[in-house]
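**Student:** Position one of the sequence shown corresponds to residue 922 (my numbering), numbered consecutively onward.
Even for Gly, the Cβ is constructed at its ideal location relative to N, Cα and C.
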Amino acid sequence: MSEPTSLAGEAEKLDAADGLAALRERFVLDDVTYLDGNSLGALPAHVPARVADVVRRQWGELRIRSWEESGWWTAPERVGDRIAPLVGAAAGQVVVGDSTSVNVFKALVAAVRMAQEDGPGRDEILVDATTFPTDGYIAESAARMTGCALRPVTPAEVPGALGDRTAAVLLNHVDYRSGRLHDLPGLTAAVHAAGAYAVWDLCHSAGALPVGLDEHGVDLAVGCTYKYLNGGPGSPAYLYVRRDLQPRFDSPLPGWNSHAEPFGMRPDYAPASGSVRGRVGTPDILSLLALDAALDVWDEDGVSVAAVREKSLALTDFFLRCVGAYVPTGRVESVTPAAHAERGSQVALRCEDAGEVMKRLIERGVVGDYRAPDVLRFGFTPLYVGFADVERAARVLARTLTG
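1) To the nearest angstrom, how far is the alpha carbon of residue 1269 from that of residue 958?
2) When you compare the CB positions of residue 1204 and residue 1031, do they come within less than 8 Å of one another, or not?
3) Indicate the three-state DSSP secondary structure (helix, strand or coil) for residue 1273 in the structure shown.
4) Quick one: is residue 984 buried, meaning 16 or more other Cβ sit within 10 Å of its Cβ, or exposed?
5) Check this for me: beta carbons of residue 1212 and residue 1152, under 8 Å apart or not?
6) According to the Cβ coordinates, are residue 1296 and residue 1098 closer than 8 Å?
7) Find out if the Cβ-Cβ distance for the pair residue 1086, residue 1045 is shorter than 8 Å.
8) Can you tell me the Cβ-Cβ gap for residue 1117 and residue 1036, rounded? I've got them flagged as a contact below 8 Å.
9) Excluding five sequence neighbours on each side, which residues of the same chain lie with their C-beta closer than 6 Å to the C-beta of residue 1304?
10) Around the Cβ of residue 1186, are there at least 16 other Cβ atoms within 10 angstroms (buried) or fewer (exposed)?
11) Which residues mark the beginning and the end of the beta strand (DSSP E) in which residue 1265 is found?
12) Which of the three DSSP states, helix, strand or coil, is assigned to residue 1308?
13) I'd like to confirm something about residue 1310: is its beta-carbon nearer than 7 Å to some heavy atom of the ligand FMN, or not?
14) By Cβ distance, which residues of its chain are closer than 8 Å to residue 1075, with the 5 residues on each side in sequence left out?
15) Give me the DSSP bridge partner(s) of residue 1291.
16) Drop a sphere of 10 angstroms on the beta-carbon of residue 1266, count the other beta-carbons inside from all chains shown, and report buried for 16 or more, exposed for fewer.
17) For a quick check, are the C-beta atoms of residue 1029 and residue 1089 less than 8 Å apart?
18) Any contact between the region 1212–1227 and the region 968–986? By contact I mean 3 or more CB pairs, one from each, below 8 Å.
19) Could you have a look at residue 1182 and say whether DSSP puts it in helix, strand or coil?
20) Just the C-alpha distance for residue 1275 and residue 1256, rounded to the nearest angstrom, thanks.
21) Enumerate in chain order the residues of its own chain whose CB-to-CB distance from residue 1173 is below 6 Å, with the five nearest sequence positions on each side excluded.
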């Protein structure tokens, strides 16, 4: 076993050499070791002032004029274009608005409709059997709506489950429980080879690791913005529709905001062109512009996703080392893959009495979270988590399990 002083000294050296360490000052943090950014990201320090301007000046003084003069009307596409580089997409393919659940519904139904336009017999949806529950609920509803059968399979089983009946496949890029990173390029290629459409949920990957939507030919993708993008609680989600598919994107929620002439007030629906087709109703301006401000951390500081990924892997490697050194053998078991190619930006530890253990960790100033029945989750946001945080978390975990 390594001595705590040895690993603490190593953490200090790693923090001193960390090219992203200065970004920590851009966030509102305290003495708590915060490892739950995979559920809710920390507050960027400049966001409150920006939101105050939106409320006091744009809303309070300009009022209705802000839809034009402050750019409110076009904000869903403008903020989408800011997110696009973080998920490997060119401009004009990402629109921000609604929740992840709503966007999953839009994307999945649209994918099935395109598949059924391509030819008869496409009447099955494959869904990740280990998915976050809301994706499963939405997939079940989308299947009923489109007359499809729903078939839950694990991501590893997808290539063998694809066939002539497959219309669409809904998958998570990173498993929310285990932190396993799934093979987006390979699975997307397999879906396409079967003549189906791939819909990816990026909630636990965007902002933590490269995604490569354009590079890998992903058809549609959705994601939230309150985790690694630090947009704030309930900040709006986003929808990616590959450019060549946009003319065929048939949303099951054709709201007035996606109309070609939204102020024409026509009784018949005519879809707008481009990513605007993904809009539905009036955008949530306050939360949308809080997200817009939060994204400044990426632009103003020139942060690259590649650098974030490199640090993420280093943090999770170091945490696993510290856990192995400090925690008594057999007390916890990592369910997060050791291989970098299969790991997201979190570490999940199986632990007896995990709920009670996490409660005690939080009381001692280490904040992660718990997933039933026995998983401790620790999320690592490279923009503000350092190696000293990692070492302290493992040390407190060991003390909690033995004391």
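**Tutor:** In this structure, then:
1) Within the model, the alpha-carbon separation for residue 1269 versus residue 958 is close to 14 Å.
2) No, they are not a contact pair.
3) coil
4) exposed
5) Going by beta carbons, residue 1212 and residue 1152 fall inside the 8 Å limit.
6) With a cutoff of 8 Å on beta-carbon distance, residue 1296 and residue 1098 are scored as near each other.
7) yes
8) 6 Å
9) Answer for residue 1304: 944, listed in chain order.
10) exposed
11) Segment: none, residue 1265 is in no beta strand (DSSP E) and carries neither H nor E.
12) In the three-state scheme derived from DSSP, where H, G and I count as helix and E and B as strand, residue 1308 is classed as helix.
13) Inclusion of the ligand FMN in the displayed structure is not the case, the ligand content being empty and no account of it being possible.
14) Contacts found: 1049, 1050 and 1051.
15) 1297
16) By the neighbour-count rule (16 or more Cβ atoms within 10 Å), residue 1266 is buried.
17) One thing to note: residue 1029 has its Cβ within 8 Å of the Cβ of residue 1089.
18) Taking a cut-off of 8 Å for Cβ pairs, the region 1212–1227 and the region 968–986 touch, as three or more such pairs fall below it.
19) DSSP places residue 1182 in coil when its eight states are reduced to three.
20) 14 Å
21) Taken in chain order, the residues that qualify are 1030.
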